[in-house]
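Asks:
Residue numbers (my numbering), protein chains in the order written: chain A, 16 to 78; chain B, 2 to 486.
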């Protein structure tokens, strides 16, 4: 097959997990391997009445 | 005079002078609840044991000479959409019938720090959607002034409890008039605070850009005292505003000499009953006697406000109520065969008709193809309404209007006529859309002896002006009729 007429275009979709100490909307730890259900709170559980507070580092790292 | 008939202001002073104990006051109110609530139906959960324990603890602190806040030992009722840790919070919905929050709303934390006594949770329209409390999944609340009539909504339980002596004061919430209209129907005082002055953390969200928790009581001073106790910046609520919040009740100056009171023609139009118009204009004339100046103003976007409100509120509600899916908390249907059926059955069975109606309406106006025609237009109308108020406040200090187009209607009278039901909010929704503060105070009764309320609207963060203006009328008429229904 003659490939000379083709132009290669490669796209990379990169998902980078942000290395913050706490979660995006609450102060629960952003860590793995801890005791089950020990790092969740009413906010990240989406309990009725809760409101998110944006983690400043998330914005910094994302940008 | 039975203790449950007194105001928080009076009781606070008696407690400080050790003339009465919190236990005595709490017992008086609990006895009153036991005597009247089967008929009135204001409460969903009464926590008598908890209340008496809290009262005893406060009395002990006082005996030990601890310096306590003005609200210490005062028994209050809490609308059932405000999360109270360990105490069932249902939003008057089957969806949260057995939901016990694991946390306290910020306003509750603030009240606890001030040693209030919690009587229990108060009935409301399901998820705060309604104007009569008839949309509660559990029970109807009756207006203490006429048991065949509604107390208004959605904070109907709060208003009825305060009016009937079943709570010294109460917290309600207001998204389109839900504090002011029931305050008007039940003859009490109710404040919808400036958006952002009271934290919404812990208030089960209906419309995030419109909701506010607010105080309801029998006197302006009580409402000001309760407002001072709950307002303030909260790091948990980014929409709450950081600023100086003084002790409003201590600074009330009931002097309206030179005050310019705007009277907007659009709020006295066709839909408003003659008796209501007369009562409110009488109040206006009393203000003139006290030295205020009446100014004719115009709020031309008023006619579009109701439509804009129902579009914006329903859109936000459809988003806020998406969390109720039977997975992590609340009602979960049985007999589902897959995830989709779990969601479908749970939401079909867990929500009442009005809630479903508004979720559908909200989802529709946000959907692609309709977003521009409805939601976007409604948001532009909102900007117009805000601008018209801003302009109006250039020529007046407060705006006086009726709170509701009529007095309390009969239970069942409007339940099948949604448009008629929605029209109850027509004089109050503009205030939520503009984020302004507004207070409803009693200003007479109609030929059926039902309370009529008038509304004072102020510029943002002008609660002190509202309290001063309301207090001036209250003093002039010799206090609001506290002959409890």
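We put the beta carbon where it would ideally sit given N, CA and C, even for glycine.
Small disclaimer: the values here were computed from a predicted structure and weren't measured.
Can you check whether the C-beta of residue 444 of chain B is within less than 8 Å of a C-beta belonging to chain A?
Replies: What you label residue 444 of chain B is simply residue 443 of the second chain in a count that begins at 1. Answer no: the Cβ-Cβ gap between residue 444 of chain B and chain A never drops below 8 Å.
Asks: Based on DSSP bridge pairs, tell me the residues matched to residue 144 of chain B.
Replies: Numbered from its first residue, the second chain carries residue 144 of chain B at position 143. The partner list for residue 144 of chain B (beta bridge, DSSP) reads B:147.
Asks: What did DSSP end up calling residue 30 of chain B once you bin it into helix, strand or coil?
Replies: Within the second chain, the letter at position 29 stands for residue 30 of chain B. In this structure, residue 30 of chain B counts as helix in the three-state DSSP scheme.
Asks: Within the 8 Å Cβ cut-off, does residue 203 of chain B reach chain A?
Replies: Here residue 203 of chain B is taken as the residue at index 202 of the second chain, counted from 1. Closer than 8 Å to some Cβ of chain A, the Cβ of residue 203 of chain B qualifies, so yes.
Asks: Which same chain residues end up closer than 6 Å to residue 346 of chain B when comparing Cβ atoms and leaving out the 5 residues on each side of it in sequence?
Replies: Locating residue 346 of chain B in the second chain gives position 345, counting from the first residue. Closer than 6 Å at Cβ, skipping near neighbours: 334, 337.
Asks: For residue 324 of chain B, decide whether its Cβ has a neighbour in chain A, counting only Cβ atoms nearer than 8 Å.
Replies: Working through the second chain from its first residue, we reach residue 324 of chain B at position 323. True, the Cβ-Cβ gap to chain A drops below 8 Å.
Asks: Classify residue 397 of chain B as helix, strand or coil using the three-state DSSP reduction.
Replies: Numbered from 1 along the second chain, position 396 holds the residue referred to as residue 397 of chain B. Residue 397 of chain B falls in the coil class under three-state DSSP.
Asks: Determine the closest residue to residue 30 of chain B out of B:73, B:130, B:170, with distance taken between C-alpha atoms.
Replies: For the purposes of this step, residue 30 of chain B is taken as the residue at position 29 of the second chain. The option with the nearest alpha carbon to residue 30 of chain B is B:170.
Asks: What whole-angstrom Cβ distance do residue 461 of chain B and residue 240 of chain B have, given they're in contact under 8 Å?
Replies: For this step, residue 461 of chain B is matched to residue 460 along the second chain. For this step, residue 240 of chain B is matched to residue 239 along the second chain. That belief does not hold up - the Cβ atoms of residue 461 of chain B and residue 240 of chain B are roughly 13 Å apart, past 8 Å.
Asks: Using a Cβ cut-off of 7 Å, pull out every chain A residue sitting near residue 112 of chain B, in sequence order please.
Replies: Translated into the one-based positions of the second chain, residue 112 of chain B becomes position 111. Per Cβ cutoff of 7 Å: no residues; residue 112 of chain B is ~15 Å from chain A at best.
Asks: Which class does residue 305 of chain B belong to by DSSP, given the choice of helix, strand or coil?
Replies: Counting from one through the second chain, the residue named residue 305 of chain B turns up at place 304. Three-state DSSP puts residue 305 of chain B in a helix.
Asks: Check each residue of the region 221-242 of chain B: if its Cβ is closer than 7 Å to any Cβ of chain A, include it; give the result in chain order.
Replies: Along the region 221-242 of chain B, going in chain order, the ones with a CB nearer than 7 Å to a CB of chain A are 236, 237, 238, 239.
Asks: By Cβ distance below 6 Å, which residues in the same chain neighbour residue 89 of chain B in space, the five residues on each side in sequence not counted?
Replies: Start at 1 with the first residue of the second chain, and residue 89 of chain B comes out as number 88. The residues are 46, 101.
Asks: Of all the alpha helix (DSSP H) runs that stay within the bounds of the region 62-122 of chain B, which reach a length of 4 or more residues?
Replies: 107-114
Asks: By the 7 Å beta-carbon criterion, what residues does the region 77-94 of chain B contribute toward chain A?
Replies: 84
Asks: What does residue 97 of chain B reach in chain A if we use C-beta pairs closer than 9 Å?
Replies: On the second chain, residue 97 of chain B is found 96 positions in, with the first residue counted as 1. Close partners of residue 97 of chain B in chain A (Cβ separation under 9 Å): 63.
Asks: Please tell me whether residue 178 of chain B and residue 211 of chain B are closer than 8 Å, where the distance is taken between their beta carbons.
Replies: Numbered from its first residue, the second chain carries residue 178 of chain B at position 177. Numbered from its first residue, the second chain carries residue 211 of chain B at position 210. Not closer than 8 Å, so no.
Asks: Going along chain A in order, which residues have a C-beta closer than 8 Å to the C-beta of residue 145 of chain B?
Replies: Within the second chain, numbered from 1, the residue matching residue 145 of chain B stands at position 144. Per Cβ cutoff of 8 Å: no residues; residue 145 of chain B is ~29 Å from chain A at best.
Asks: Tell me where the beta strand (DSSP E) around residue 420 of chain B begins and ends.
Replies: As a position in the second chain, residue 420 of chain B is number 419, starting the count at 1. Element bounds for residue 420 of chain B: not the beta strand (DSSP E) but the alpha helix (DSSP H), 419-423.
Asks: Applying the 10 Å Cβ sphere with the 16-neighbour rule, what's the burial state of residue 160 of chain B?
Replies: Within the second chain, numbered from 1, the residue matching residue 160 of chain B stands at position 159. That one is buried.
Asks: For residue 264 of chain B, report the span of its beta strand (DSSP E) as first-last.
Replies: Here residue 264 of chain B refers to the residue found at position 263 when the second chain is read from its first residue. It spans 261-265 - the beta strand (DSSP E) in which residue 264 of chain B sits, taken as one unbroken run.
Asks: Is it true that the CB of residue 74 of chain B sits closer than 8 Å to the CB of residue 489 of chain B?
Replies: Residue 489 of chain B falls outside the range modelled here, since chain B spans only 2 to 486, and no answer is possible.
Asks: With distances taken between CB atoms, is the gap from residue 120 of chain B to residue 80 of chain B smaller than 8 Å?
Replies: Walking along the second chain from the start, residue 120 of chain B turns up at place 119. Walking along the second chain from the start, residue 80 of chain B turns up at place 79. No, these two residues do not count as a Cβ contact at 8 Å.
Asks: Rounding to the nearest angstrom, what Cα-Cα distance links residue 173 of chain B and residue 235 of chain B in this structure?
Replies: As a working note, residue 173 of chain B is residue 172 in the second chain. As a working note, residue 235 of chain B is residue 234 in the second chain. Answer to the nearest angstrom: the Cα atoms are 19 Å apart.
Asks: How would you call residue 27 of chain A, buried or exposed, if buried means at least 16 neighbouring beta carbons within 10 angstroms?
Replies: The count along the first chain starts at 1 and reaches residue 27 of chain A at position 12. Residue 27 of chain A comes out exposed.
Asks: Among the residues of its own chain, which have a CB less than 6 Å from the CB of residue 21 of chain B, if the five just before and after it don't count?
Replies: Indexing the second chain from 1 puts residue 21 of chain B at position 20. Taken in chain order, the residues that qualify are 15.
Asks: Less than 8 Å between the C-beta atoms of residue 399 of chain B and residue 306 of chain B, yes or no?
Replies: For the purposes of this step, residue 399 of chain B is taken as the residue at position 398 of the second chain. For the purposes of this step, residue 306 of chain B is taken as the residue at position 305 of the second chain. No; because the gap between Cβ atoms is not below 8 Å, this pair is not in contact.
Asks: My understanding is that residue 8 of chain B touches residue 223 of chain B, with C-beta atoms under 8 Å, so please give their C-beta distance in whole angstroms.
Replies: Translated into the one-based positions of the second chain, residue 8 of chain B becomes position 7. Translated into the one-based positions of the second chain, residue 223 of chain B becomes position 222. Residue 8 of chain B to residue 223 of chain B, Cβ: 5 Å. Contact.
Asks: For residue 298 of chain B, tell me which candidate among B:248, B:473, B:394 has the shortest Cα-Cα distance.
Replies: Along the second chain, read from residue 1 onward, the residue named residue 298 of chain B stands at position 297. For residue 298 of chain B, the nearest C-alpha among the options comes from B:394.
Asks: With 9 Å as the C-beta to C-beta threshold (strictly closer), list the residues of the region 25-36 of chain A near chain B in chain order.
Replies: none
Asks: I'd like to check one pair, residue 99 of chain B with residue 86 of chain B: are the Cβ atoms closer than 8 Å?
Replies: The sequence position of residue 86 of chain B within the second chain is 85, counting from 1. The sequence position of residue 99 of chain B within the second chain is 98, counting from 1. No, they are not a contact pair.
Asks: So, helix, strand or coil for residue 38 of chain A, using DSSP?
Replies: Indexing the first chain from 1 puts residue 38 of chain A at position 23. In the structure shown, residue 38 of chain A sits in coil (DSSP, three-state: anything other than H, G, I, E or B).
Asks: Does residue 60 of chain A have its Cβ less than 8 Å from a Cβ in chain B?
Replies: Start at 1 with the first residue of the first chain, and residue 60 of chain A comes out as number 45. Yes, residue 60 of chain A lies at the interface with chain B (some Cβ there is under 8 Å from its Cβ).
Asks: Using only alpha-carbon positions, find the residue among B:135, B:226, B:276 that is nearest to residue 450 of chain B.
Replies: Your numbering for residue 450 of chain B matches position 449 in the second chain. Of the candidates B:135, B:226, B:276, the one whose C-alpha sits nearest the C-alpha of residue 450 of chain B is B:276.
Asks: Check whether the region 286-297 of chain B and the region 415-425 of chain B touch, using three or more Cβ-Cβ pairs below 8 Å as the test.
Replies: no
Asks: Would you verify that the beta carbon of residue 49 of chain A is, or is not, closer than 8 Å to some beta carbon of chain B?
Replies: For this step, residue 49 of chain A is matched to residue 34 along the first chain. False, the Cβ-Cβ gap to chain B never drops below 8 Å.
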